[in-house]
Amino acid sequence: MSARSLRTAIAFGLVLCLASCASIQARMFPRPLVYYVRNVMVIADARLPLDLIAGVDARVSAAIAATRPPQGAERVVLMVKIDRLDHGEGARRRMERAHFTVTATSVDTGEPVAEGKYVVNAPTDDPRFALGALAEEIAARIRFDFSLAHPLVRSVPAPKTLSTRLKTDPEMPSTPTPRATPLVSGRSAPAKPAVAAAPAVPTPPAAPKPAPVEMAAPPVLPVTTVEKPAYPDQPALPVSEPKPGTTVEQGASGTVRLGGGCDPTVATDCLTPKP
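Residue 0 is where the sequence shown starts when you use numbering that gives the first Met the number 0, and the numbers rise one by one after that.
See the structure below:
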């Protein structure tokens, strides 16, 4: 019985822990307010940097301009008061921290309808970007709590530095426009002194351009055909008739020697096979 009661107590304690965590999260991140924000005003002490005040005002104004007005929402004007600047704690001891208050005032009644106190930390300690980053953190918190849209960042293209004028083109001299002298009532305009015109210098006539000369055609060499010499017909060689009793076929010639010392031109029976 005691073990069962212990398990029940542990389960009940876990439920209470989860409920407390949910309530803490709800207090840390409240539901954003929905108002028809018409304008914003940023004020601060004279000792605070002017770049921080101008940066917050520009960012929140851009968010208001980018937000679509909600239907039926109350019209308000925001007043942002930057109370003080100090440094964070622990790992953020070198980074600046801003304490500011935001008050939403109704346009119709002039009474404050919402007010909140905030503390934000700069994400960097670089003196070149610390004020800009802190202004963005303040504006981001205001955008979240009052349901404002994030303005789009439009990149402006750099001006073109290329010129279409060629180097050989003459430069056009810029003639300054003379300013008109205003007339004073009751007085006549002062007469301009006559300036003697410079004598005209006669320009020598330009030399006539030479007539274009026709280009001579390239020489054409005659094409000579080399005739091949005709070779005389070769006389037909006489075909010797084979002697009867030999093994030489028609149209062929040859000599077969079976032994030495036998000359067919001397001995007629030299080529006759012997048994």
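Positions of the beta carbon are idealized from the N, C-alpha and C atoms, including for glycine.
Requested in this report: With DSSP as the reference, label R91 as helix, strand or coil.
Outcome: Three-state DSSP puts R91 in a helix.
Report task. State yes or no: is the C-beta of R46 within less than 8 Å of the C-beta of R74? Result -> Cβ distance not < 8 Å, so R46 and R74 don't count as in contact.
Query raised in the report: Taking C-beta to C-beta, are A138 and V59 nearer than 8 Å?
Result: Yes, they are a contact pair.
Query - Nonlocal neighbours in the same chain, by C-beta distance under 6 Å from A65, ignoring five residues either side - result: Cβ within range, chain order: A148, P150.
Requested in this report: Go to R58, then tell me how far its alpha helix (DSSP H) extends in each direction, as first and last residue.
Outcome: Its alpha helix (DSSP H) spans residues 49–65.
**Report entry** Range of the contiguous beta strand (DSSP E) that encloses A206
**Finding:** Neither: A206 is in no beta strand (DSSP E) and is coded neither H nor E.
Report task. Quick one: give me the first and last residue of the alpha helix (DSSP H) that R140 is part of. Result -> Per DSSP, the unbroken alpha helix (DSSP H) holding R140 starts and ends at 129–144.
Query raised in the report: Apart from the five residues just before and just after G87, which ones in its own chain have a Cβ nearer than 7 Å to its Cβ?
Result: Closer than 7 Å at the Cβ level, and outside the excluded window around G87, lie M94, R96, N120.
Query raised in the report: What three-state label does DSSP hand L151 in the structure shown?
Result: In the three-state reduction of the DSSP assignment, L151 falls in the coil class.
Requested in this report: Can you say whether M27 is buried or exposed, counting buried as having 16 or more other CB atoms within 10 angstroms of its CB?
Outcome: Caution applies to M27, whose pLDDT of 47 falls short of 50 and renders its modelled position unreliable; the value that the coordinates give is listed next. Under this definition M27 is an exposed residue.
Query - Under the three-state DSSP convention, the category R46 falls into - result: Residue state for R46 is assigned as coil, using DSSP reduced to three classes.
Query - Burial state of V101 (16 or more Cβ within 10 Å) - result: It counts as buried.
Query raised in the report: Of all the options G71, P156, L49, T104, which has the alpha carbon lying nearest to the alpha carbon of L130?
Result: Checked all of G71, P156, L49, T104; the closest Cα to L130 is L49.
Requested in this report: Could you have a look at R74 and say whether DSSP puts it in helix, strand or coil?
Outcome: It is a strand residue.
Query raised in the report: What is the residue span of the beta strand (DSSP E) that P111 lies within?
Result: Counting along the chain, the beta strand (DSSP E) containing P111 begins and ends at 111–120.
Query raised in the report: Quick one, which of A205, L17, P31, A206 has its alpha-carbon nearest E114's?
Result: Nearest of A205, L17, P31, A206 to E114, Cα basis: P31.
**Report entry** Other residues of its chain near S146: CB distance less than 8 Å, five sequence neighbours each side excluded
**Finding:** Answer for S146: P31, L32, V33, Y34, T66, P69, listed in chain order.
Query raised in the report: Per DSSP, L84 is paired with what?
Result: In the DSSP output, where bridge partners are listed per residue, L84 has A97.
Query - Residues that A103 bridges to, as DSSP identifies them - result: Looking at the DSSP assignment, A103 forms a beta bridge with L77, A113.
Query raised in the report: Could you give the distance in angstroms between the alpha-carbon of Q24 and the alpha-carbon of D144?
Result: Annotation note: pLDDT 48 at Q24 (below 50); position unreliable, coordinate value reported separately. Rounded to the nearest angstrom, the two C-alpha atoms are 15 Å apart.
Query raised in the report: To the nearest angstrom, how far is it from the Cα of G71 to the Cα of D44?
Result: If you draw a straight line from the Cα of G71 to the Cα of D44, it comes to about 36 Å.
**Report entry** Closest by C-alpha distance to M40, when choosing among V155, P211, I81, I9
**Finding:** Put simply, of V155, P211, I81, I9 the residue whose alpha carbon is nearest the alpha carbon of M40 is I81.
Query raised in the report: Helix or strand or just coil, what does DSSP make of Q24?
Result: Low confidence applies to Q24: its pLDDT is 48, below 50, so where it sits in the model is not reliable, and the reading given next is rough at best. Under the three-state reduction of DSSP output, Q24 falls in the helix class.
Query raised in the report: Taking T123 as the reference, which of Y117, K116, A132 has the closest Cα?
Result: With distances taken between Cα atoms, T123 lies closest to A132.
Query raised in the report: Which residues does DSSP pair with Y35 in a beta bridge?
Result: Answer is R74.
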